[in-house]
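Sequential numbering of the sequence shown, starting at 457, is according to this note's numbering.
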Amino acid sequence: MTVARKPLVAGNWKMHGLASSAPEFVQMVGAYPAIKDKVDLMVFPPATLLTSFATATRGAGVIVGAQDCHPEASGAFTGDISAEMVRDAGGGAVIVGHSERRGDHRETDQLIRAKAKAALRAKLIGVVCVGETEDERKSGRALEVVGRQLAGSLPDESSPETIVVAYEPVWAIGTGLTPTVDEVAETHRFIRDELARRFGDTGRAFRVLYGGSVKPGNAAELLAVADVDGALVGGASLKAESFLAIARAAFA
Ligand SMILES: O=C(CO)COP(=O)(O)O
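Structure follows, in structure tokens:
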């Protein structure tokens, strides 16, 4: 069965961006109406910019979101923000399970699944990240690791409208290295099959993004791979020009 999936290009700004970065975002919003029918766009600025970006995009259709959330709706969790707060700030999506959270903050699949459930509870789109380390790929365990992360991190209630999967090999993030087209194809086919095994035919409708050193120069090649439905972009999403070039490569 083949299912049409609208491409999605998402920008993860990580811990970059001040109020002075707003013009870049405003430029993205301004260019979006011309390509809106062909590609969905999401931007995940630092939480400090969420409200102002949500205000700037109103009506234009670029979805803004947070880079993480706490599983609980509220409570004594200093420094955390909840999915409900993200929605209240004007967000429409949240990234969970990014490898920088899995690694630097020791997040487990169980915690990430709880965060993804919080996203669903707050009516946010959850972008659930998976991906192997360099050691895991070199020792031939990449698919095993990705399979385990998927099984552990995706809630049973996941649907193609509410959850997006992002495959980001840890060794490709911020390094300028990317897997070969064959490696990307193999991993995305594997993810697709796992989704279909767990969710039946619905599994074929989930969008699966590739992330890790996506740039305007390699986007067309990576985004043309079967079962790659878009990109989760780090560094190249900070500038409107490069982010929009990648967005256009998603439907060219
Ligand atoms: O981690 C990423 C996006 O979430 C990818 O980052 P880079 O595009 O900078 O490699």
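All C-beta atoms, glycine included, are put in the ideal place defined by N, C-alpha and C. Note that the coordinates shown come from a computational prediction; the quantities given were computed from them, not determined experimentally.
Worksheet entry | Beta-carbon proximity list for Glu650, same chain, < 7 Å, skipping 5 on both sides | Closer than 7 Å at Cβ, skipping near neighbours: Gly603 and Leu606.
Worksheet item: Rounded C-beta distance between Thr634 and Gly587? I'm assuming under 8 Å.
Response: Actually they do not touch by this definition, with Cβ atoms about 12 Å apart.
Fill in: 6 Å CB neighbourhood of Ser476 in its chain, flanking five on each side removed
Excluding its 5 nearest sequence neighbours in each direction, Ser476 has no C-beta neighbour in its own chain below 6 Å.
Worksheet item: If we count Cβ pairs, one from each stretch, closer than 8 Å, do we get three or more for the stretch 574-590 versus the stretch 624-641?
Response: Contact check between the stretch 574-590 and the stretch 624-641: three or more CB pairs, one atom from each, fall below 8 Å, which counts as touching.
Practice prompt. Output the boundary residues of the beta strand (DSSP E) element that contains Leu688.
Written response: Here the beta strand (DSSP E) through Leu688 covers Gly686 to Val689.
Item to complete: Please name the residue in Tyr666, Val520 and Glu556 whose C-alpha comes closest to that of Ala539.
Response: For Ala539, the nearest C-alpha among the options comes from Val520.
Worksheet entry | Buried versus exposed call for Arg543 [16 or more other C-beta atoms within 10 Å across all chains shown] | Arg543 counts as buried, since at least 16 other C-beta atoms from the protein chains shown sit within 10 angstroms of its C-beta.
Practice prompt. For Val640, I'd like the list of residues in its chain whose CB is within less than 7 Å of its CB, leaving aside the five on either flank, ordered along the chain.
Written response: By the criterion of a C-beta distance shorter than 7 Å, Val640 is surrounded in its chain by Tyr666, Leu678, Val681 and Val684, once the five residues flanking it on both sides are discounted.
Item to complete: Report all residues from its chain with a CB closer than 6 Å to the CB of Cys585; omit the five preceding and five following residues, and keep chain order.
Response: If we look at Cys585 and ignore the five residues flanking it on each side, its Cβ neighbours are Gly553, His554, Ala622 and Glu624.
Worksheet item: From Ala466 to Glu480, what distance separates their C-alpha atoms?
Response: So the alpha carbons of these two residues sit roughly 15 Å apart.
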